[in-house]
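See structure below.
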Amino acid sequence: MVTIKDIAREAGVSPSTVSRVLSGKAKISPETTKRVMDAIKRLGYIPNASAKSLVMKKAYSIGIFMPRRLEQTLTSTFFDQVVSGICSYINNTEYEIVLTIVPPEKEKESLERLIKSRKVDGFILLTSRINDYAIRYLRSIKFPFVLIGSPDKDKDYVNWVDNDNKRAGFDATEYLIKLGHTQIGFLGGMENLVLTQDRLSGYKSALSKYKIPVENQYIMFTEFDEQSSYEKAKQLLTLKNRPTAIVCIDEVVAYAAVKACRELDLKVGYDVSIIGFNESIFSKLSSPRLTTVDTNIFYLGYYAAEMLMKELEEPYKTYKRLIVQHSIVEGETCRAI
0 MVTIKDIARE AGVSPSTVSR VLSGKAKISP ETTKRVMDAI KRLGYIPNAS AKSLVMKKAY
60 SIGIFMPRRL EQTLTSTFFD QVVSGICSYI NNTEYEIVLT IVPPEKEKES LERLIKSRKV
120 DGFILLTSRI NDYAIRYLRS IKFPFVLIGS PDKDKDYVNW VDNDNKRAGF DATEYLIKLG
180 HTQIGFLGGM ENLVLTQDRL SGYKSALSKY KIPVENQYIM FTEFDEQSSY EKAKQLLTLK
240 NRPTAIVCID EVVAYAAVKA CRELDLKVGY DVSIIGFNES IFSKLSSPRL TTVDTNIFYL
300 GYYAAEMLMK ELEEPYKTYK RLIVQHSIVE GETCRAI
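The sequence shown begins at 0 in numbering that gives the first Met the number 0 and counts up by one.
Given below as structure tokens:
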């Protein structure tokens, strides 16, 4: 195996000079740099990632961190699309990805262990909660991170990428109102998620604009899994004055609502209109095709990775934020009444 000492002998320089050339950070003359790079090519040297990490005092890894139950994560169409976006950017860099999915009760232990072990240089956080521990902790130790989602407070002191979820919740609800619906349910995610609260705020704003009273019995919260969502959707649909339409916070939640309709002999798109979020290939292939709010999840991941890489290369003097646009994709699960 070719070593740095072999390259140093071949190029006629010291091993420390070779290390400085490989780091790309030190000021080395063009002539010396060329001699070292020519020696590397002749000898076929492949840098050892661990050695490079020691020289640079960097892990050359970024962490994707998500405190959520594994079964909720793996059934989420959000997760695979956002990770695809992150990988699409990171794969063109020298960095690798460390994926960490932990139950919420192990979040503190896992996050602190990763940082103390120096396995990652920065994090992309895939969720934002009210009074979020990960955000507070990483800010307190000034550790680089980018949040996918917006923080519940101190928005000007965190790097983040998100949709305008209040607007997205408003648009989904207004879409149903313009189809003639006035009895509109809201099937949200966990109440402590900023995403849930923002889209709920948008839902209420749309009702207020059109002078439709908010019915608390029409608002329910669920986990991001089929069974919990199905049970909550069934509760909505068996109310005495059931909603004629439902805004579902996620595609998985929307499919669970479709399942509940079928079991109650309610025809989706006729008896009940359903609109979801986070369009995926499943939205396109489902029957009936789901009407969704496309939040461009892939680009949430891509831009978050880009933002983190720039932060690691040269720390921002001011914090960055980016809003990714959304759009409604019409399917077959909504109709005018």
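Yeah, the Cβ is synthetic: ideal placement off N, Cα and C, and Gly gets one too.
These numbers come from a predicted model, not from an experiment.
Considering just the uninterrupted stretch of the beta strand (DSSP E) at residue i, what are its terminal residues?
i	result
P66	S60 to P66
G275	S272 to F276
T294	Note, T294: premise wrong, no beta strand (DSSP E); not H, not E.
I27	Segment: none, I27 is in no beta strand (DSSP E) and carries neither H nor E.
L98	E95 to V101
I245	A244 to C247
Skipping 5 residues on each side, what residues in its chain have a beta carbon closer than 7 angstroms to that of residue i?
i	result
T181	I211
Y44	V1 and I6
T76	E250, V251, N277, S279 and F281
Which of the three DSSP states, helix, strand or coil, is assigned to residue i?
i	result
R334	coil
G121	strand
I89	helix
S326	strand
A10	helix
V1	coil
L263	coil
M306	helix
R241	coil
Y318	coil
R138	helix
Considering only residues of the same chain and omitting the five flanking positions on each side of residue i, which have a CB-CB separation below 6 angstroms?
i	result
L321	V160 and Y302
G187	T195, L199, F220 and I248
R8	none
Y269	none
V213	K203 and L206
With a threshold of 16 other CB atoms inside 10 Å of the CB of residue i, please say whether the residue is buried or exposed.
i	result
Q226	exposed
N91	exposed
P314	exposed
K343	This structure gives no information on residue 343, because the portion of the chain shown stretches from 0 to 336.
T294	buried
K4	exposed
D153	exposed
A58	buried
Q324	exposed
I280	exposed
V20	buried
N164	buried
R67	buried
I274	buried
Taking only beta-carbon atoms, is residue i less than 8 angstroms away from chain C?
i	result
K258	No chain C is part of this structure, which consists of one protein chain only.
State the start and end residues of the unbroken alpha helix (DSSP H) segment that holds residue i.
i	result
E108	E106 to K115
S282	I280 to L284
**Request:** Run through the segment 140 to 227 for me and flag every whole alpha helix (DSSP H) of 4 or more residues, listed as ranges in chain order.
**Result:** 164 to 177 and 193 to 208
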